[in-house]
Ligand code: MN
Ligand code: MN
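In this note's numbering, the protein residues as written are 699 to 1155.
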């Protein structure tokens, strides 16, 4: 690309025909990933499968590490780390791209089956930040796992195949909604109302709930009590689609943060081995604060780095901190871009623009940058020079107007260990909705950015 940074010409305008074709081909691969990787467990499985195919091996099987070795860490099937060992020792620092594979959704409660006036429902508890009114009246798929009393694991994935049934949350008809319509958007549909219809048939003198439970027992061998040891998620069942006559955009569920996760995966699989060790991180639980033993606030990433060091005969605790001090990370999470229908929340000179490249965000946070990793200008300069040298279409973008709100990413957690970190990801529209929207050229440039970062010194 001639001019990697511009606020007047879109990435597409700056691309030649070969680059434009690459953008469209990337979009096809990315949509296939989105439609298969509906949950963190499914995403983790796909990432591990692709990594194993490419020659990555479990870190715990390794007896030593030499340059070019490819290893992975599977954190309870919900978070994954891939690494390609560099020419220099691990201690010299890592090139980390950190993305997350969880997304906002509706989880089932522990005792979810509920009959009301002849309809049977799943009660849900939403996960992550959602506008509750957006979730009724769309097809929902059920994905996850159930462990029966005896310990049998049942993997559930119902609703993504065209032939499958889906599940459905109702909303009030407009004709009777005069009271509802006076409520705020926050209150119009409540959390407890997000119950999905799962059945309505029964025989004479049989309760519908009993009939549905009997069907579950006959078909899947599960009892009602087995839901107490299940992790089931209702996720939008709509397939990813191209948007626009020119097919320039993609609408899909879960693009926060699977757009950066997919870019991260392609980047590490296709990057030339580097002087520094390359680390692609796909973490869980970002949407609820990175808690839990599959989230970024837990110790699994530190253990992974310590294990890499140990395999290169470096076992001191200070060795871990020195490694992190020597490391650099792109915090690979999405950003918002200017929505021309809602311009009032953006300051136009400093927000990301749709189709203008991968977004670098110096600080996230809210109000006075609260809770933010405020990236060092020295590091931003290094990344900027790299992107310019390699023709990566990029832009600088804040999440929104100063006092409108804010957001967080995993950036500050790795910065706590001394790592240089800057937020770098795809800007999107309708974030956290059941069907969000982004530009294919931005998704492509995100992957381009991560690849050149992995390969850089
Ligand atoms: Mn995110
Ligand atoms: Mn998010």
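Note that beta-carbon positions come from the ideal geometry of N, C-alpha and C, so glycine has one too.
Going by DSSP in three states, residue i sits in which element: helix, strand or coil?
i, result
"residue 1049", "strand"
"residue 1044", "coil"
"residue 1075", "helix"
"residue 672", "No answer is possible for residue 672: the residues shown for the chain start at 699 and end at 1155."
"residue 726", "helix"
"residue 1037", "coil"
"residue 1092", "strand"
"residue 900", "coil"
"residue 856", "strand"
"residue 862", "coil"
"residue 1133", "coil"
"residue 1029", "strand"
"residue 887", "coil"
"residue 893", "strand"
"residue 935", "coil"
"residue 1019", "helix"
"residue 1145", "helix"
"residue 706", "coil"
"residue 1059", "strand"
"residue 1118", "strand"
"residue 699", "coil"
"residue 929", "strand"
"residue 1097", "coil"
"residue 713", "coil"
Do residue i and residue j have their C-beta atoms within less than 9 angstroms of each other?
i, j, result
"residue 1033", "residue 1013", "no"
"residue 1026", "residue 784", "no"
"residue 983", "residue 800", "yes"
"residue 842", "residue 929", "yes"
"residue 993", "residue 1056", "no"
"residue 932", "residue 820", "yes"
"residue 1144", "residue 1109", "no"
"residue 1160", "residue 969", "The shown model of the chain, from 699 to 1155, leaves out residue 1160, and the question about it has no answer."
"residue 720", "residue 1148", "no"
"residue 893", "residue 812", "yes"
"residue 1093", "residue 705", "yes"
"residue 822", "residue 834", "no"
"residue 920", "residue 844", "yes"
"residue 793", "residue 1154", "yes"
"residue 796", "residue 1036", "no"
"residue 1051", "residue 708", "yes"
"residue 722", "residue 1089", "no"
"residue 946", "residue 716", "no"
"residue 815", "residue 839", "no"
"residue 752", "residue 967", "yes"
"residue 1023", "residue 1117", "yes"
"residue 853", "residue 924", "no"
"residue 964", "residue 727", "yes"
"residue 1009", "residue 789", "no"
"residue 907", "residue 818", "yes"
"residue 1030", "residue 1075", "no"
"residue 655", "residue 742", "There is simply no residue 655 to check, as the chain begins at 699 and stops at 1155 in what is shown."
"residue 935", "residue 858", "yes"
"residue 780", "residue 910", "no"
"residue 1091", "residue 713", "yes"
Tell me whether residue i counts as near ligand 3, meaning its Cβ is closer than 8 angstroms to at least one heavy atom of that ligand.
i, result
"residue 1126", "You won't find ligand 3 in this model; what it holds is ligand 1 and ligand 2."
* So which residues touch the region around ligand 1, with touch meaning a C-beta under 7 angstroms from any heavy atom? -> Checking every Cβ against the heavy atoms of ligand 1 under 7 angstroms gives 798, 954, 955, 984, 985, 1031, 1032 and 1107.
* To do: Evaluate the contact criterion for the segment 950–964 versus the segment 1123–1139: three or more CB pairs, one atom per stretch, below 8 angstroms.
  => Touching, yes.
* Asked: Taking only runs of the beta strand (DSSP E) that begin and end inside the segment 731–807, which ones reach a length of at least 3 residues, in chain order?
  -> Inside the segment 731–807, DSSP marks whole beta strand (DSSP E) runs of 3 or more residues at positions 768–773, 777–782 and 792–798, from first to last along the chain.
* Asked: When the Cβ atoms of the segment 858–868 are set against those of the segment 758–778, are three or more pairs found closer than 8 angstroms?
  -> Counting Cβ pairs under 8 angstroms, fewer than three are found: no touch.
* Quick one: any contact between the segment 1042–1058 and the segment 824–833, if contact means 3 or more CB pairs under 8 angstroms? -> Segments in contact, no.
* Would you call the segment 993–1009 and the segment 743–760 in contact, with 3 or more CB pairs under 8 angstroms? -> These segments touch.
* Can you check the segment 939–1008 for any beta strand (DSSP E) of at least 3 residues that lies completely inside it and give the ranges in chain order? => Counting only unbroken stretches of 3 or more residues, the beta strand (DSSP E) elements lying wholly within the segment 939–1008 are 939–941, 947–950 and 975–981, in sequence order.
* Would the segment 973–981 and the segment 765–782 be scored as touching if the rule is three or more Cβ pairs under 8 angstroms? -> Verdict: yes, contact present.
* Asked: Looking at C-beta atoms only, is the number of pairs between the segment 1098–1116 and the segment 1068–1082 that lie closer than 8 angstroms three or more?
  -> Yes, since at least three Cβ pairs between the segment 1098–1116 and the segment 1068–1082 fall closer than 8 angstroms, the two stretches touch.
* Asked: Enumerated in chain order, which unbroken segments of the beta strand (DSSP E) with a length of 3 residues or greater are wholly contained in the segment 799–851?
  -> Segments of the beta strand (DSSP E) lying fully in the segment 799–851: 803–814, 817–825 and 838–845.
* To do: Check whether the segment 1015–1030 touches the segment 1093–1102, counting contact only when three or more Cβ pairs, one atom from each stretch, lie closer than 8 angstroms.
  => Because the criterion of three Cβ pairs below 8 angstroms is not met, the segment 1015–1030 and the segment 1093–1102 do not touch.
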